[in-house]
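**Student:** Input: one structure, supplied below.
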Amino acid sequence: YIIILESFFFYLLGSLGGSHPIAINLDSIAKEGVLFTNFYANGFRTDRALPAILSAYPSQPTTSIMKYVTKTDKLPSIPRTLKSNGYRLAYYYGGDINFTNMNAYLVSSGFETIVCDKDFSVGESLCMWGVHDHIVFERCLNNASRDTHKVPTLRVIQTSSSHEPFDVPYSYCNDKRANAFAYTDNCLGNFITGLKSRDLWDNSLVIIVPDHYGAYPQD
Numbered sequence: 582y583i584i585i586l587e588s589f590f591f592y593l594l595g596s597l598g599g600s601h602p603i604a605i606n607l608d609s610i611a612k613e614g615v616l617f618t619n620f621y622a623n624g625f626r627t628d629r630a631l632p633a634i635l636s637a638y639p640s641q642p643t644t645s646i647m648k649y650v651t652k653t654d655k656l657p658s659i660p661r662t663l664k665s666n667g668y669r670l671a672y673y674y675g676g677d678i679n680f681t682n683m684n685a686y687l688v689s690s691g692f693e694t695i696v697c698d699k700d701f702s703v704g705e706s707l708c709m710w711g712v713h714d715h716i717v718f719e720r721c722l723n724n725a726s727r728d729t730h731k732v733p734t735l736r737v738i739q740t741s742s743s744h745e746p747f748d749v750p751y752s753y754c755n756d757k758r759a760n761a762f763a764y765t766d767n768c769l770g771n772f773i774t775g776l777k778s779r780d781l782w783d784n785s786l787v788i789i790v791p792d793h794y795g796a797y798p799q800d
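Next comes the structure, spelled out in structure tokens:
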């Protein structure tokens, strides 16, 4: 699992010296895993971040390589390399998969299964960006639990709820922006708990990374 957290930032974590720790689940996960503390986000937008994370392509300040299909087809790719070694590939995102040409990039990377906003009911699409994070995490977890294929699988989860306008079905703190990050952190914690409770944990490697520069505190 590669979990890409929208706009997360070290300031949210007490373990990284944040003065107002909000990501309490991520803090807990960091204590039982490997935490990279000298690690920097690549850019300031998701369309720059995804090729940086999945293709090791440094982000550009004024354009996005995802807009150029002839170029993305030639990029190295973690998913494509895993696929050539017998992995199946699945991508989970609650928003519009065609935003900034994301779908073309993912297809060229070899993803066979791409779950996005159109794969959820109208009643589940309740926010500006499509589907709230907890629903996306639950879909991935349920699919993994029902998977009867005896082959390794890469599942990428891209969150979106900690993006402005920060409207989330959660109440943790009065600051609307901080509350949205606390919500996504709660979704992440529940997902990890779900992996453990469904006997998926022992055969799993979970990599958690932000997409780009953080959006909390404000400005």
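Under my numbering, the sequence shown has 595 at position 14, and the numbering climbs by one with no breaks.
Think of the CB as a built atom: it goes at the ideal place given N, C-alpha and C, for glycine as much as any other residue.
What residues match up with Tyr674 in a beta bridge as DSSP calls it?
**Tutor:** For Tyr674, which the question treats as bridged, DSSP gives the partners Gln739.
**Student:** With DSSP as the reference, please indicate the residues paired to Leu586 in a beta bridge.
**Tutor:** DSSP output for Leu586 lists Pro791 as bridge partner(s).
**Student:** At 4 residues or longer, and completely inside the stretch 680-740: list those alpha helix (DSSP H) runs for me, N to C.
**Tutor:** Complete alpha helix (DSSP H) runs here, min 4: 683-689 and 714-727.
**Student:** Is the stretch 779-788 close to the stretch 741-749, with three or more CB pairs under 8 angstroms?
**Tutor:** Output reads no: the stretch 741-749 does not touch the stretch 779-788.
**Student:** Here's the rule: buried if 16 or more other CB atoms are within 10 angstroms of the residue's CB, otherwise exposed. What is Pro639?
**Tutor:** Classification of Pro639: exposed, given that the 10 Å Cβ count is below 16.
**Student:** Name, in chain order, the residues that DSSP records as bridge partners for Arg669.
**Tutor:** The partner list for Arg669 (beta bridge, DSSP) reads Thr734.
**Student:** Starting from Asp608 and walking both ways along the alpha helix (DSSP H), at which residues does that stretch end?
**Tutor:** Looking at the DSSP string, the run of the alpha helix (DSSP H) that includes Asp608 is Ile605 to Glu613.
**Student:** Find out if the Cβ-Cβ distance for the pair Ile634, Val790 is shorter than 8 angstroms.
**Tutor:** Yes, the Cβ-Cβ distance between Ile634 and Val790 is below 8 angstroms.
**Student:** Specify the secondary structure class of Pro746 as computed by DSSP and reduced to three states.
**Tutor:** Looking at Pro746 - three-state DSSP - the assignment turns out to be coil, as it is neither helix nor strand.
**Student:** Taking Ile716 as the reference, give the member of Tyr686, Leu735, Asn679 and Tyr674 with the closest Cα.
**Tutor:** Checked all of Tyr686, Leu735, Asn679 and Tyr674; the closest Cα to Ile716 is Tyr674.
**Student:** With DSSP as the reference, label Asn767 as helix, strand or coil.
**Tutor:** Three-state DSSP puts Asn767 in a helix.
**Student:** Would the stretch 609-626 and the stretch 653-660 be scored as touching if the rule is three or more Cβ pairs under 8 angstroms?
**Tutor:** Too few Cβ pairs lie closer than 8 angstroms, so no.
**Student:** To the nearest angstrom, how far is it from the Cα of Glu613 to the Cα of Arg629?
**Tutor:** Cα to Cα, the separation comes out at about 30 angstroms.
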